[in-house]
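Novice: Here our numbering is used: the first residue of the sequence shown is 1, the next is one more, and so on. The structure under discussion is supplied below as structure tokens; questions concerning it will follow.
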Amino acid sequence: MATPKFDAVVATPRTGKFNKNHARRVRVAGKIPAVVYGAGQEAVAVTIDPKVVTRILHSESGHNTIFDLNVEGAALVKAMIVDWQHEPIKGRLLHIDFKRIAMDKAMRVSVPVQLTGSPVGVRVGGGVLDQIMREVEIECLPADIPDHLDVDVTDLELYGAIHISDLPHSGSVKYLGEDSALVAHVTLVKEEAVADAVAAPAAAEPEVAKKGKGDAPAADAAAAKPDAKKK
């Protein structure tokens with residue numbers, strides 16, 4: 001794993017009541033609220049510089065990056081970002097969850113799958129490359145977490161497929177999905193269109209039926225109003 005070099009991430013413990021007003025004051029001060037937990041220790045509420053977190057999330061290893069976390073008043077620990085929340089409209093970070101990492105214990109993470117090359121089934125066979133799985137879940141020691149998994153699809157012919165069993169394997173990484181799980185395949189555009197057309201009516205039926213049931217009382221009421229006026 002080519003882990004990028006980051007200076008120790010410094011976090012400041014939070015005190016007081018952790019409500020919406022508290023979180024708002026933290027953000028107004030240019031920080032964001034966060035929580036540090038894991039490794040059999042108590043969870044600690046802290047504040048963190050959002051710029052530091054953004055640099056980590058945008059690095060090549062992203063949220064799988066392992067870095068030194070310095071919570072003021074506590075010993076330096078290895079940590080990862082395991083959850084984060086963004087503001088829906090402007091995309092600003094709102095909250096972060098850090099997890100302390102034991103470097104000698106295996107952990108489960110999701111790793112991106114990157115397809116490289118242009119399949120022969122696309123170039124010659126007129127097909128399209130469809131990637132079903134963008135990430136796969138693996139288990140390994142923290143130091144062995146790959147930034148991503150590269151899969152060369154150059155020789156993939158029409159109707160050819162890549163399964164989890166075809167992904168790069170090593171003794172340090174264990175795949176948690178089924179070996180037969182489909183990662184990517186080359187198929188025909190026409191076949192995809194037919195499959196979508198067949199699936200669409202079936203998917204729409206429950207919605208129409210549900211809407212009809214919901215509209216029935218309103219329709220009955222509208223029909224009853226003219227009779228009430230005639231009386």
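Where a beta carbon is used, it is the ideal one built from N, C-alpha and C, also for glycine. The structure presented is a predicted model; accordingly, all values stated were derived computationally and were not measured.
(1) Using a 10 Å radius around the Cβ and a threshold of 16 neighbouring Cβ atoms, would you call methionine 80 buried or exposed?
(2) Determine the direct distance from the alpha carbon of isoleucine 162 to that of valine 183, and round the result to whole angstroms.
(3) Relative to the C-alpha of glycine 12, which candidate in Ala23, Phe18, Pro33, Val28 has its C-alpha closest?
(4) Check for me: the alpha helix (DSSP H) holding asparagine 70 runs from which residue to which?
(5) Among the candidates Leu158, Glu135, Leu156, whose CA atom is the shortest distance from the CA of aspartate 147?
(6) What ranges does the alpha helix (DSSP H) occupy inside the segment 9-88, keeping only unbroken runs of at least 4 residues that lie completely in it?
(7) Would phenylalanine 98 pass as a contact of leucine 69 if the rule is Cβ separation under 9 Å?
(8) Give the straight-line distance between the Cα atoms of glycine 125 and alanine 102, rounded to the nearest whole angstrom.
(9) CB valine 36 to CB valine 46, shorter than 9 Å?
(10) Is arginine 123 helix, strand or coil when you go by DSSP?
Specialist: If we stick to the structure as given:
(1) buried
(2) 5 Å
(3) Before going further, note that residue 12 is threonine rather than glycine in the sequence given. Nearest of Ala23, Phe18, Pro33, Val28 to threonine 12, Cα basis: Pro33.
(4) Taken as a continuous stretch (DSSP letters only), asparagine 70 belongs to no alpha helix (DSSP H), being part of the beta strand (DSSP E) at 67-71.
(5) Closest by alpha carbon: Glu135.
(6) 20-28, 50-57
(7) yes
(8) 49 Å
(9) In this structure, valine 36 sits near valine 46, with a CB-CB distance shorter than 9 Å.
(10) Of the three classes helix, strand and coil, the one that applies to arginine 123 here is helix, per DSSP.
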